[in-house]
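Protein chains in written order, with our numbering: chain A, 112 to 408; chain B, -18 to 309. In what follows, a structure is listed as structure tokens, so that the remarks can point back to it.
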Amino acid sequence: MAAFDLGNYLQLILAGISTGSIYVLIALGVVTIYTVTGVVNLAQGEFAMLGAMLAVTYYGWEMPLLLAFVAAVLSVAIIGAGIERLTVDPARDASPVTLIIITVGVSITVRGIALLAWGTIPYSLPAFTSGPPLRLWGAVISQQRLWTLATAAAILLLLYFLLEHTLLGKAVRACALNRRAASLMGISPSQMSLLAYVLSATLGAVGGIVIAPLTLVSYDMGLILGLKGFVVAVMGGLVSAPMTVAGGLLLGVAESLAAGLISSSLKDAIAFIALLVVIFARARQGPRIRLPGRLRS
Amino acid sequence: MIRTWWQRSPNAISVLLCALFLGSLPLWVRSPYLVSTAIFIGIASILTLGLCLLMGYAGQISLGHAAFYGLGAYTSAVLTVKYGVSPWLAMAIGVVITAGAAYLIGIPIFRLREHYLAMATLGLGVIAHLVFLELRDLTGGASGLPGVPRLAVGGFVFDSDVEYFYLVWGTVLLLIILSLNIVNSRVGRALRAIHASEAAADSIGVDSGRYKSQVLVLSAVYASLAGSLYVHYMRFVSPQPFDFEASVRLVVMAAVGGLASVWGAPLGAAAVTLLTVLLREVMPRLIPNASGEHTAIAYGLLLVVIMIFMPEGLTRGLLVRRRRYARR
């Protein structure tokens, strides 16, 4: 085995952080929908898949990459709104189990449509900028990984600004805190639910597009990405944004180290072992899990 | 009012009618394809039955039930193929191992509320699937483990589909009777109390955590039995039928049939299985050169529509509709 010096470790950790930032984006989508509407959205990964596939398609229509990026994100946001109006809104008063199954149905349908539209072939998107990779203490980092990190950070800042410093964000947070009280204050929970879906579709789409140049994308990439996002959201207790960010980055790094140092087949198991550990640790603290509280950011 | 015995026990007559219907089924269904489909519906019914008890009574959703199913299947397959253990003994060992796994999972989970069982079982399901895939020496990895023996009692071997049909559906009926008895007993009342309000149930001395853990173990045992029956029918085992999507399909069957109803389980299993079969037959006629994609899309859409318009599942949904119709 090759000697593992500082550079190799650093490279694995940085790669892990950039993958982890994708998990954070998808997980924040899960958290947003859960806190505002109480729905555990198992179709979250499909937003990432749609974002990536649409970006590839638009790019194929000879749009500039930036335009393809924006157009794909907007398309997915509209699709997210459509999904909310057609499936979640009519079933507002259904039980949580029913709502979970509805999101599963949505996920199966979207994946089916994607298979029909794009087939099983994996596609790729060019890197946002070409150029020599960055070298840092022996670690080699491609520019796209930096783009991934920068985009995720920018989106997080935007989300923070939207939720904390605008009236709309205040309305979303009020709805997350107490839906009934919010509606008594003249905030429509139905509109907030729509907004939550649009926000979370946007987050998912951005995550899917920035990861597209790093890995091949295909119609079934949403399932595993969605599950990992879900795991990260659970790490944050489904409500806490800072914990979600920390959990996502940690998971990305742990996976990257496990794949690089031990075995690549271990990579996918890590997330779910972590999930069980987190849940068992929470149980040890006793049954004082909070109800969906406010979206802390 | 003096009531006749079938008014007093509508379930007894339902079981009887069901047994008569199933017993005569192979006499008028001659197509081997349909008999084989019926066997799969039976196996799915056993799984769904356990899941209905768990979801409808413990009020917890399991997103990794295929793990218990796979644990039973692989225990049977590995013990009979690699170690020459008798199939029935292997089945029993599978049940014990699966029950133990479910019990261990249940200890921490039922101290938490909300969706935590869903999350833990989801994790367990994915890990179990990876273990089946990666323990190549034992399980044969992705290519699977062939050569699982047939089930036999003394000199009688279940070697035709019709014989296996009777074995599977006999098991289903026995488990339905067992489930009905549990639901309509002191334990069943305790479970219903928990489902209505856990705090209220606790306050009148129902140990809700213990009961919920027992239901989880019971549903895992059902799943393990179904797994063993599955491998002895297929005579082959591979990780694919026990992945995350299989778990999701089971939840779908339970929800379509109707949670908190024992009869909903076989109904949901049959409805979803037949729907898939039907879509595969009908879609190519509606859309020329239709393929698996169209079937998947139609399946997903129907699922959403059923859940929006009949959130209580088919059993309740149809009953409510009939009552509304009768009132008019």
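Positions of the beta carbon are idealized from the N, C-alpha and C atoms, including for glycine. If you're wondering where the values come from, they're calculated on a predicted model, not measured in any experiment.
In its chain, beyond the 5 residues on either side, V(-4), C(-1), A0 and L3 have a beta carbon closer than 8 Å to the beta carbon of L154/B. Residue range A250 to I252 is occupied by the beta strand (DSSP E) that includes I252/A, with no alpha helix (DSSP H) assigned at that position. Three or more beta-carbon pairs drawn from the segment 314 to 321 of chain A and the segment 183 to 202 of chain A are found closer than 8 Å, and the two stretches are therefore classed as touching.
For R266/B, the enclosing alpha helix (DSSP H) begins and ends at G245 to L267.
Contact between the segment 233 to 253 of chain A and the segment 162 to 179 of chain A is present: three or more C-beta pairs spanning the two stretches fall below 8 Å.
Under the Cβ criterion of 7 Å, F383/A is counted among the residues facing chain B.
L314/A: member of the alpha helix (DSSP H) spanning P300 to I322, first to last residue. Legend: CB atoms of the segment 25 to 47 of chain B lying less than 7 Å from CB atoms of chain A belong to residues M36 and I42.
Taking A293/A as the centre and dropping the five residues before and after it, the same chain places the C-beta of A285 and C286 closer than 6 Å to its C-beta, in chain order. Closest by C-alpha distance to L123/A, out of A380/A, V208/A and A370/A, is A370/A. In the DSSP assignment, Y64/B forms no beta bridge with any residue. The Cβ-Cβ distance between R256/A and S129/A falls below 7 Å. Taking CB atoms only, I373/A has no neighbour in chain B less than 7 Å away.
Cβ neighbours of S253/A within its own chain (closer than 6 Å, five residues either side excluded): P244.
Distance from the CA of E173/A to the CA of S329/A, rounded to the nearest whole angstrom, comes to 20 Å. For P89/B, the closest Cβ of chain A is nearer than 7 Å. If you draw a straight line from the Cα of S189/B to the Cα of A180/B, it is about 9 Å long. Residue state for V218/B is assigned as strand, using DSSP reduced to three classes.
Look at the beta carbons and you see the segment 221 to 230 of chain B touching the segment 105 to 125 of chain B: at least three pairs across the two are nearer than 8 Å. Nearest Cα to Q155/A within the set S375/A, W229/A and F341/A: F341/A.
Counting along the chain, R246/A sits inside the beta strand (DSSP E) bounded by residues L245 to L247. Using a Cβ distance threshold of 7 Å, A344/A and V215/A do not count as a contacting pair. Membership of Q155/A in the alpha helix (DSSP H) is indicated by the continuous run Q155 to G171. G249/A is a Cβ neighbour of G118/A, given a cutoff of 7 Å.
Taking CB atoms only, F391/A has a neighbour in chain B less than 7 Å away. At a cut-off of 7 Å between C-beta atoms, L386/A counts as an interface residue with respect to chain B. At a cut-off of 7 Å, the C-beta of V364/A has no neighbouring C-beta in chain B. Sequence-distant partners of A101/B (beyond 5 residues in either direction) whose C-beta falls short of 7 Å from its own C-beta, in its chain, are I86 and I90.
CA-to-CA, the gap between V168/B and L156/B works out to about 16 Å. By the neighbour-count criterion, in which 16 or more other beta carbons inside 10 Å mark a residue as buried, E157/A falls on the buried side. With 16 or more other Cβ atoms from the protein chains shown falling within 10 Å of its own Cβ, T355/A counts as buried. Under a 10 Å Cβ-count criterion, S219/B is classified as buried, with 16 or more other Cβ atoms of the shown protein chains found around its own Cβ.
Secondary structure of Y234/A (DSSP, three-state): strand. Under the 7 Å criterion on CB atoms, V285/B is classed as interfacial with respect to chain A.
When secondary structure is reduced to three states using DSSP, L44/B falls in the coil class, being assigned neither helix nor strand. Within the same chain, Cβ atoms closer than 6 Å to the Cβ of V321/A are found at T259 and T262, the five residues on either side in sequence being excluded.
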